[in-house]
Amino acid sequence: MPKRIKLGRTKGWRMPTNAKKVDRSTRYGNPYGPKQIGICVTSWGYPAPILPLREPPSLERALDLYTAHAHTQLEHDPDFFEPLRGYDLGCWCKLCERHKHGKPFLENCPDCAPCHADIVGIIANFERGDLAVALERRNIDEASK
Ligand SMILES: [Zn+2]
Ligand SMILES: [Zn+2]
Numbered sequence: 001m002p003k004r005i006k007l008g009r010t011k012g013w014r015m016p017t018n019a020k021k022v023d024r025s026t027r028y029g030n031p032y033g034p035k036q037i038g039i040c041v042t043s044w045g046y047p048a049p050i051l052p053l054r055e056p057p058s059l060e061r062a063l064d065l066y067t068a069h070a071h072t073q074l075e076h077d078p079d080f081f082e083p084l085r086g087y088d089l090g091c092w093c094k095l096c097e098r099h100k101h102g103k104p105f106l107e108n109c110p111d112c113a114p115c116h117a118d119i120v121g122i123i124a125n126f127e128r129g130d131l132a133v134a135l136e137r138r139n140i141d142e143a144s145k
């Protein structure tokens, strides 16, 4: 299973050959930020009205918004994440000392910064049928609480 890596800025740092970037310079970046107070609703016209979000801004919320965004992308283009399958994915978010050479997407680590690359990696490497089943199961679990 590929993993999440941290992009480097230091001189001499090179992107590993088996890795792809998923930061904001790519179409896989997270358009949402941890301080965001609202979202633009482009389908409502121009200029796009802003819909304020009711929960206080947080990184976790930005990741939830990304998950929803990712699934909208999949609906438009089922192959959207396919070019990333099997690759390590690089973002700027912090990795802990133990994971400095990469963190498996599914591993939850309290010391690594939460990052949308984990979500991207999970979606890109799931078989599509399994992903649908996993999401359905999650919805069912939530509903039955
Ligand atoms: Zn870690
Ligand atoms: Zn990140």
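Residue numbers are given in full-length UniProt numbering: position 97 of the sequence shown equals residue 97, and the series is strictly consecutive. Positions of the beta carbon are idealized from the N, C-alpha and C atoms, including for glycine. Computed from a prediction, not measured in an experiment: that's the story for all the values here.
*What's the C-alpha gap between histidine 98 and aspartate 111?*
For the purposes of this step, residue 98 is taken as the residue at position 98 of the sequence shown. For the purposes of this step, residue 111 is taken as the residue at position 111 of the sequence shown. The question names histidine, but residue 98 is arginine in the sequence shown. Cα to Cα, arginine 98 sits roughly 9 angstroms from aspartate 111.
*May I ask you to check if the CB of leucine 95 is nearer than 8 angstroms to at least one heavy atom of ligand 1?*
On the sequence shown, residue 95 is found 95 positions in, with the first residue counted as 1. True, at least one ligand heavy atom lies under 8 angstroms from that Cβ.
_Can you list, in chain order, the residues of its chain with a C-beta nearer than 7 angstroms to that of leucine 51? Leave out the 5 residues immediately preceding and following it._
Mapped onto the sequence shown, residue 51 falls at position 51. Here the set comprises Gly38, Ile39, Val41.
*What do you reckon, are the CB atoms on residue 146 and histidine 69 nearer than 9 angstroms?*
Because the chain spans 1 through 145 in this model, residue 146 falls outside it and cannot be assessed.
*From Cys96, Arg54, Leu59, Arg9, residue whose alpha carbon lies closest to that of histidine 116*: For the purposes of this step, residue 116 is taken as the residue at position 116 of the sequence shown. Looking at the Cα atoms, Leu59 is the closest of the given residues.
*Please name the residue in Val120, Pro104, Asp118 whose C-alpha comes closest to that of proline 2.*
By 1-based counting over the sequence shown, the position of residue 2 is 2. Cα-wise, what sits closest to proline 2 is Pro104.
_The beta strand (DSSP E) that contains arginine 88, what's its start and end?_
Sequence index remark: in the sequence shown, residue 88 carries index 88 (1-based). Rather than arginine, the amino acid found at residue 88 in this sequence is aspartate. First-last of the beta strand (DSSP E) with aspartate 88: 88-91.
*Starting from the Cα of isoleucine 119, find the closest Cα among Phe81, Gly45, Lys94, Ser43 and give me that residue.*
Indexing the sequence shown from 1 puts residue 119 at position 119. Nearest C-alpha to isoleucine 119: Phe81.
*Just how far apart, CA to CA, sit cysteine 91 and glycine 45?*
In the sequence shown, counting from the first residue as 1, residue 91 sits at position 91. In the sequence shown, counting from the first residue as 1, residue 45 sits at position 45. Straight-line Cα distance between these residues: approximately 33 angstroms.
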